[in-house]
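Colleague: Sharing a structure below in structure tokens format, with a few things to ask.
Numbering (our numbering), first residue to last: 1 to 251.
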């Protein structure tokens, strides 16, 4: 209809009417584009918030098991250090505590974090991470992904050279066949037996035990610790952006 009117105006040489028709068309196109842009922006804001809410739930769910795994590995490392001090001390101790003996048994075990954040995986695999408008949050998520990969690489590296002491020194670490472990790897009530006199007299055992302790320290220092801190930073930024306090969204 607009085109027909323009043609009629041209035939009649009604230049003012032609100009007005032109303005109407331009303004109409401009308004249409703006409305489409506003609608796209609104949808992106809605999608941005939806992704962040999903990320928040997943991060919050991951924090507790990650903290438990970190504490477990730190507990093993602490008891390993105590056991080494007893075995290498002058004079050496007469016995090891149950926790110290169980830590020796588990000194080659590195429990993986297995961080599961499906929303982050979706954003990265689809190349849509830019939909998150918060630059700090995008950077923190990228660093978390890098830290997760670094933790896996660290675990693989330290585990590849760890010594399975119960296998190498069965006369020194006698495994309880009826042990019950309520946590992966470290059995606090395993009831294993450690012959400290034989351990004290074996340079090879002491060296392998100390090597295992160094490897576990490296796993905690270079893997578990930094990844856990980065996850906490992502949680903090999500809380800030979503205006969430103490697990409850502010009204």
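All C-beta atoms, glycine included, are put in the ideal place defined by N, C-alpha and C.
These numbers were taken from a predicted model, which means no experiment stands behind them.
Do you know whose CA, among 95, 78, 91, 85, lies nearest residue 173's CA?
Modeller: 95
Colleague: Whole angstroms is fine: what's the gap from residue 252's alpha carbon to residue 205's?
Modeller: Nothing about residue 252 can be reported from this structure: the residues present for the chain run from 1 to 251 only.
Colleague: Look at the Cβ atom of residue 235, then the Cβ atom of residue 105, and state whether they are nearer than 7 Å.
Modeller: no
Colleague: Around the C-beta of residue 47, are 16 or more other C-beta atoms found within 10 angstroms, so that it is buried, or is it exposed?
Modeller: exposed
Colleague: If we ignore side chains and look at the alpha-carbon of each, how far apart do residue 223 and residue 196 end up?
Modeller: 31 Å
Colleague: Within the continuous alpha helix (DSSP H) that includes residue 159, where are the two ends?
Modeller: Unbroken alpha helix (DSSP H) run through residue 159: 135–160.
Colleague: Quick check on DSSP: helix, strand or coil for residue 193?
Modeller: Strand, per DSSP.
Colleague: Can you list, in chain order, the residues of its chain with a C-beta nearer than 6 Å to that of residue 208? Leave out the 5 residues immediately preceding and following it.
Modeller: 163
Colleague: What residue range is occupied by the uninterrupted alpha helix (DSSP H) comprising residue 125?
Modeller: Residues 118–126.
Colleague: Comparing alpha-carbon positions, which option in 102, 56, 176, 84 lies nearest residue 199?
Modeller: 84
Colleague: When you compare only the Cα positions, how much space is there between residue 148 and residue 166?
Modeller: 30 Å
Colleague: What residues in its chain sit with their C-beta under 8 Å from that of residue 227, if we drop five residues either side in the sequence?
Modeller: Cβ neighbours of residue 227 beyond the five flanking positions: 66, 113, 115, 144, 147, 148, 150, 151.
Colleague: If you measure between the beta carbons of residue 58 and residue 117, is that distance less than 7 Å?
Modeller: yes
Colleague: Quick one, which of 155, 238, 61, 160 has its alpha-carbon nearest residue 111's?
Modeller: 155
Colleague: Let me know the secondary structure DSSP gives residue 244 once reduced to three states.
Modeller: Looking at residue 244 - three-state DSSP - the assignment turns out to be strand.
Colleague: Following a CB-centred definition, is residue 77 positioned closer than 6 Å to any heavy atom of the ligand MG?
Modeller: Looking at this structure, you won't find the ligand MG or any other ligand, since it has none at all.
Colleague: Using CA atoms only, rank isn't needed, just tell me which of 231, 119, 139 is closest to residue 53.
Modeller: 119
Colleague: Can you tell me where the alpha helix (DSSP H) with residue 104 in it begins and where it stops?
Modeller: Run containing residue 104: 98–105, per the alpha helix (DSSP H) assignment.
Colleague: If you follow the alpha helix (DSSP H) that residue 212 is part of, which residue opens it and which one closes it?
Modeller: 203–219
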